[in-house]
């Protein structure tokens with residue numbers, strides 16, 4: 514595949530940033546990769562694993578000659594982190610992100626970046642509950658979906674190049690309004706994470722008589738709480754940055770929960786049957802959808 | 514391993530019943546296995562897969578010469594299903610179950626069975642969201658936990674033989690009060706299933722503008738809704754039979770959910786940090802627990 518960018522700076526060489534580094538290098542999409550982050554231990558892991566060619570803590574050095582700046586940091590930190598690079602980035606350098614919330618990020622970055630630095634909002638929908646460069650792997654993105662959220666202000670050429678990058682590492686790429694993205698992700702990702710944290714906390718609260726409930730948990734519980742191990746800052750920021758859509762999603766969940774609760778309280782076979790059957794048929798539809806892609 | 518039972522009748526040759534058949538045969542724990550159920554197509558699958566030696570729809574024929582009757586049917590159906598066999602079962606035949614609710618089942622069966630038919634309440638904590646003989650596999654129980662819920666009325670010899678059976682197929686076996694079992698399982702299994710059904714239904718309710726949310730769901734959503742495909746009757750019965758414990762567990766979950774909701778509503782970093790950190794540390798503890806067993 515042709516080289517898309519000469520020098521990629523990954524800000525935040527974690528699961529997403531690190532996996533992109535591995536994948537982009539393996540496919541020959543970038544010539545050089547520079548790591549930037551807060552924790553030297555993590556950057557050393559990234560260097561040892563061949564994710565990056567070098568790392569630096571100097572924004573000016575990182576910015577020099579860069580034509581792609583990837584922000585793979587918690588969404589609330591993006592503006593502050595980017596501010597360090599802006600004075601040093603060459604005109605035309607594409608700035609993009611991998612955040613799970615798009616409206617707040619795109620609005621902030623478009624208002625903040627000079628017109629010489631085109632911004633493209635992106636969200637590769639891939640990940641695990643793991644964090645850090647040690648958890649990165651080159652195949653993370655293969656066959657998965659990446660949503661780009663351009664606006665009327667988005668530079669078409671920058672958009673095309675960011676699309677080519679994510680397609681280059683094996684993703685299917687779709688464009689979507691940032692607000693729609695946030696509506697959708699609130700429901701299929703942010704709410705499920707909030708539920709997983711809550712379920713884990715509810716179990717902790719229920720410990721009694723020296724009985725450790727977790728000893729008796731099976732695979733259903735294990736799967737449903739897997740993402741409760743996800744990084745704190747990342748998820749705190751997502752919850753705060755997608756507040757309205759998340760609260761709406763939560764309200765719908767509470768309503769669905771109340772339906773089943775009513776069925777249990779009243780011992781109402783019909784209510785329970787209807788709710789469970791609807792859930793089962795949706796789940797089967799979901800499994801078929803995934804099998805097709 | 515020594516033969517524990519000469520003739521095992523499996524009532525309900527589904528995932529649990531069928532897997533026990535495969536595992537017990539592979540380990541030489543039973544000499545003959547007879548299938549009994551509602552659906553001939555499923556019993557034929559069981560026969561073809563070598564789970565059972567034969568099947569019958571005649572309770573008298575099934576009961577003849579049987580020394581273990583395994584009830585692997587939805588909990589609300591157990592009494593009615595067992596009633597067909599009682600007139601024909603030889604004295605001393607052990608009756609046991611594999612239900613996920615124990616207090617209601619044990620109470621019902623002890624009141625219902627004659628003293629000549631010892632009952633042992635059991636719950637092998639293993640399973641997938643799949644159902645039917647086609648989904649059964651011999652290794653399902655290996656390394657997993659089986660809870661037995663004897664009462665003062667339980668025949669010690671029958672208890673020992675049922676313990677030997679589940680240990681024989683690779684399970685760790687613990688004894689527990691039926692009420693404690695139901696308290697624990699409400700929290701680590703029944704509540705998570707109820708949540709999975711609700712999450713699936715909430716997503717369905719949220720479809721808008723021809724947008725199919727499920728297309729955008731990633732692995733978090735996939736894992737959290739896996740068990741929403743679980744069998745209707747089984748879970749309807751569990752919810753109804755473990756009503757009180759489930760409602761208590763649900764109340765604790767609603768409280769944990771409300772904590773995170775408050776954090777989001779108020780944009781309160783401290784509340785969110787505390788709730789997410791607590792969930793993360795519990796999840797890590799759970800992962801360590803599972804690695805040890």
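Residue numbers (our numbering), protein chains in the order written: chain C, 514 to 806; chain Z, 514 to 806. We put the CB at the ideal spot given by N, CA and C, even for glycine.
DSSP, reduced to helix, strand and coil, places residue 705/C within a helical segment of the structure shown. Taking residue 644/Z as the centre and dropping the five residues before and after it, the same chain places the C-beta of 527, 528, 744 closer than 7 Å to its C-beta, in chain order. Bounds of the beta strand (DSSP E) holding residue 609/C are 607-610. For residue 793/Z, the enclosing alpha helix (DSSP H) begins and ends at 782-805.
With respect to chain Z, the C-beta atom of residue 519/C has no partner C-beta closer than 8 Å. Of all residues in the segment 777-793 of chain C, those with a C-beta nearer than 8 Å to a C-beta of chain Z are 777, 778, 780, 782, 785, 786, 788, 789, 790, 791, 792, 793, reading in chain order. The Cβ neighbour count for residue 636/Z, taken over all protein chains shown within 10 Å, is at least 16; the residue is labelled buried. If the five residues before and after residue 713/Z are omitted, its C-beta is found closer than 8 Å to the C-beta atoms of 738, 741, all from its own chain and listed in chain order. Chain order gives the chain C residues near residue 748/Z as 789, where near means a beta carbon separation below 7 Å.
Taking a contact to require three or more Cβ pairs closer than 8 Å, the segment 749-758 of chain C and the segment 771-778 of chain Z qualify as touching. If you look at residue 685/Z, you'll find it in the beta strand (DSSP E) that goes 685-688. When only Cα atoms are considered, residue 769/C and residue 749/Z end up about 16 Å apart. Listed along chain C, the residues sitting closer than 8 Å to residue 708/Z by beta-carbon distance are 708, 712, 737, 770.
In this structure, 735/Z is the residue among 797/Z, 596/Z, 787/Z, 735/Z with its C-alpha nearest to the C-alpha of residue 801/C.
At a cut-off of 8 Å between beta carbons, residue 638/Z contacts chain C. Under the 10 Å beta carbon count, residue 688/C is surrounded by fewer than 16 other beta carbons and is classified as exposed. In chain order, 772, 773, 776 place their CB closer than 7 Å to the CB of residue 788/C, counting only its own chain and leaving out the 5 sequence neighbours on each side. When only Cα atoms are considered, residue 703/C and residue 553/Z end up about 44 Å apart.
Under the DSSP assignment, residue 637/C falls in the beta strand (DSSP E) whose first and last residues are 635-638. Beta bridge pairing from DSSP links residue 776/C with no other residue.
With a threshold of 8 Å between beta carbons, residue 601/Z makes no contact with chain C. For residue 795/C, the chain Z residues whose C-beta falls within less than 9 Å of its own C-beta are 713, 714, 716, 717, 727, 738, 741, listed in chain order. Interface flag for residue 752/Z against chain C is set, since a Cβ pair is found closer than 8 Å. For residue 579/C, the number of other beta carbons within 10 angstroms of its own is at least 16, and it is reported as buried. Only exposed fits residue 790/C, as fewer than 16 other CB atoms lie within 10 angstroms of its CB. Burial check for residue 547/Z: the Cβ neighbour count within 10 Å reaches 16 or more, so the residue is buried.
Taking a Cβ-Cβ cut-off of 7 Å, the neighbours of residue 705/C in chain Z comprise 712, 733, 734, 737, given in sequence order.
In the same chain as residue 597/Z, and ignoring 5 residues on each side of it, the C-beta atoms closer than 8 Å to its own belong to 572, in chain order. Counting along the chain, residue 529/C sits inside the alpha helix (DSSP H) bounded by residues 528-539. Residue 803/C has a beta carbon lying within less than 8 Å of a beta carbon in chain Z. For a Cβ distance threshold of 9 Å, nothing in chain Z lies close to residue 557/C: the least Cβ distance comes to about 24 Å. Annotation for residue 589/Z: 750, 753, 754 place their beta carbon closer than 7 Å to its own, counting only its chain and skipping 5 residues before and after. Residue pairing for residue 710/C: DSSP places it in no beta bridge. Contacts with chain Z at 8 Å (Cβ-Cβ) do not include residue 532/C. Contact annotation: residue 726/Z and residue 685/C have beta-carbon atoms that are not nearer than 8 Å. The residue from 621/Z, 581/Z, 576/Z with its alpha-carbon nearest to that of residue 599/Z is 576/Z.
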